[in-house]
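Residue numbers (full-length UniProt numbering), protein chains in the order written: chain D, 1 to 116; chain C, 1 to 116.
Notes to accompany the following structure.
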DNA sequence: CGGCTAATTAGCTGAATTGTTAAATACGAA
DNA sequence: TTCGTATTTAACAATTCAGCTAATTAGCCG
């Protein structure tokens with residue numbers, strides 16, 4: 001894992017447990033114990049997942065007595081989506097034909113040693 | 001890394017070299033050598049990055065003589081975006097205030113042992 | 001203070017990831 | 001079939017990751 005922001009975000013999202021935690025937080029803030037409840041993993045494991053999510057900026061945490069509440073911060077998801085938006089035309093049906101054409105042209109002139 | 005589809009996609013995107021490869025492929029198909037050129041890593045390393053991208057469905061590959069051409073397949077990016085879209089309201093300014101309020105209400109009724 | 005609950009840190013595993021160099025494979029051309 | 005180029009596979013080292021249990025810290029309350 002690199003330390004640049006997007007890498008942090010994507011690798012935080014790469015774990016299904018962490019995605020489930022985010023899904024749970026979308027329904028409201030929760031403590032570590034509440035977040036751990038649905039999973040069959042230990043509390044320390046959940047604690048570390050939260051640390052990863054926090055490092056990626058995907059959650060923020062506050063302390064209230066001995067409870068630490070986690071809160072969803074979806075801004076990084078926007079960042080990630082923004083990065084992917086550069087490729088939107090590649091899956092958007094209305095661009096498919098033009099794209100095919102442009103790619104074929106570029107392909108022919110760039111690829112070395114290809115005869116057709 | 002888990003084996004479910006989204007995990008494969010996100011963890012493929014977590015590496016900056018792989019993201020750069022995708023960016024390059026957005027400009028047109030390319031061979032392994034062409035893709036490796038901008039990086040200071042060995043050819044085998046690039047070859048394995050391509051394997052990861054292929055496993056995630058982010059590229060497809062074809063052989064033409066001894067050259068293996070990679071092609072961007074952005075459909076998985078759409079999938080990933082779709083997953084993240086569930087959180088769009090959390091970064092949409094028009095929802096911010098309502099959200100704050102709803103979260104606070106839920107927070108109060110859910111969090112155990114909190115007095116205020 | 002002493003006990004209780006919540007959460008984190010420490011220390012340890014095993015598996016996965018990323019990189020390397022050297023060897024093997026694939027295929028066209030001479 | 002032999003040479004040369006493109007690419008992959010093998011074998012290895014270093015690092016990171018995700019999990020565990022045990023110990024520690026944090027803070028409320030009696």
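For each residue, glycine too, the CB sits at the ideal point set by N, CA and C.
field: Residues bridged to residue 31 of chain D [DSSP beta-bridge criterion]
entry: Translated into the one-based positions of the first chain, residue 31 of chain D becomes position 31. DSSP output for residue 31 of chain D lists D:69 as bridge partner(s).
- prompt: In this structure, does DSSP put residue 78 of chain C in helix, strand or coil?
  reply: Here residue 78 of chain C refers to the residue found at position 78 when the second chain is read from its first residue. Helix at residue 78 of chain C.
Expected contact under 8 Å - CB spacing of residue 80 of chain C and residue 9 of chain C to nearest Å: Start at 1 with the first residue of the second chain, and residue 80 of chain C comes out as number 80. Start at 1 with the first residue of the second chain, and residue 9 of chain C comes out as number 9. Taking C-beta atoms under 8 Å as the contact rule, residue 80 of chain C and residue 9 of chain C qualify, at a distance of about 5 Å.
CA-to-CA distance, residue 88 of chain D to residue 54 of chain C, given in whole angstroms: The sequence position of residue 54 of chain C within the second chain is 54, counting from 1. The sequence position of residue 88 of chain D within the first chain is 88, counting from 1. Their Cα atoms are separated by approximately 19 Å.
query: Quick one: what's residue 59 of chain C bridged to in DSSP?
result: Along the second chain, one-based indexing puts residue 59 of chain C at 59. Per DSSP, C:72.
message: Can you give me the C-alpha to C-alpha distance between residue 47 of chain D and residue 61 of chain D, rounded to a whole angstrom?
response: On the first chain, position 47 is the one that residue 47 of chain D refers to. On the first chain, position 61 is the one that residue 61 of chain D refers to. Residue 47 of chain D and residue 61 of chain D have their C-alpha atoms spaced approximately 12 Å apart.
Distance CB(residue 72 of chain D)-CB(residue 26 of chain D) smaller than 7 Å: The residue labelled residue 72 of chain D in the question sits at position 72 within the first chain. The residue labelled residue 26 of chain D in the question sits at position 26 within the first chain. Going by C-beta atoms, residue 72 of chain D is nearer than 7 Å to residue 26 of chain D.
message: With the cut-off set at 7 Å, would you say residue 56 of chain D and residue 76 of chain D are in Cβ contact?
response: On the first chain, position 56 is the one that residue 56 of chain D refers to. On the first chain, position 76 is the one that residue 76 of chain D refers to. It is a contact, given that the beta carbons lie within the stated cut-off.
- request: Mind listing the chain C neighbours of residue 7 of chain D? Cutoff is C-beta to C-beta under 9 Å, in chain order.
  value: As a first step, residue 7 of chain D must be located in the first chain, where it is residue number 7. Ordered by position in chain C, the residues that pass the 9 Å Cβ test against residue 7 of chain D are 13, 14, 15, 16, 19.
query: Which residues mark the beginning and the end of the alpha helix (DSSP H) in which residue 41 of chain C is found?
result: Residue numbering aside, residue 41 of chain C sits at position 41 when the second chain is read from its first letter. Element bounds for residue 41 of chain C: n/a, residue is neither H nor E.
message: So, at 7 Å on beta carbons, what are the nonlocal neighbours of residue 32 of chain C in its own chain, with the 5 sequence-adjacent residues on each side left out?
response: For the purposes of this step, residue 32 of chain C is identified with residue 32 of the second chain, where counting begins at 1. The beta carbon of residue 32 of chain C sits closer than 7 Å to those of 43, 46, 47, 50, 68, all from its chain and outside the five residues before and after it, given in chain order.
- prompt: By a C-beta neighbour count over all protein chains shown, 10 Å radius and 16 as the cutoff for buried, is residue 90 of chain D buried or exposed?
  reply: Here residue 90 of chain D corresponds to residue number 90 of the first chain, with the count starting at 1. Residue 90 of chain D is buried by the Cβ-count criterion.
- prompt: Got a sec? Which residues, its chain only, sit under 6 Å from residue 29 of chain C by beta carbon, not counting five neighbours each side?
  reply: Position 29 of the second chain holds residue 29 of chain C. Once the five neighbours on either side are set aside, the close Cβ partners of residue 29 of chain C are 69, 71.
- prompt: Residue range of the alpha helix (DSSP H) that residue 86 of chain D falls in?
  reply: Your numbering for residue 86 of chain D matches position 86 in the first chain. Per DSSP, residue 86 of chain D belongs to no alpha helix (DSSP H) and is neither H nor E.
message: I'd like the span of the alpha helix (DSSP H) that includes residue 14 of chain D, first residue to last.
response: One-based indexing of the first chain puts residue 14 of chain D at position 14. Note, residue 14 of chain D: premise wrong, no alpha helix (DSSP H); not H, not E.
message: Any beta carbon of chain C sitting closer than 7 Å to that of residue 90 of chain D?
response: For the purposes of this step, residue 90 of chain D is identified with residue 90 of the first chain, where counting begins at 1. Yes, its Cβ sits closer than 7 Å to a Cβ of chain C.
message: Going by C-alpha to C-alpha distance, which of D:78, D:85, D:92, D:36 sits closest to residue 5 of chain D?
response: Translated into positions along the first chain, residue 5 of chain D becomes position 5. Residue D:78 is the option with its Cα nearest to residue 5 of chain D.
message: List, in chain order, every chain C residue whose beta-carbon is nearer than 9 Å to that of residue 75 of chain D.
response: Counted from its first residue, the first chain places residue 75 of chain D at position 75. Within 9 Å Cβ-Cβ: 90, 91.
message: Run through chain C and tell me which residues come within less than 9 Å of residue 24 of chain D, C-beta to C-beta.
response: Taking the first chain and counting its residues from 1, one reaches residue 24 of chain D at position 24. None at all; the shortest Cβ gap to chain C is about 11 Å.
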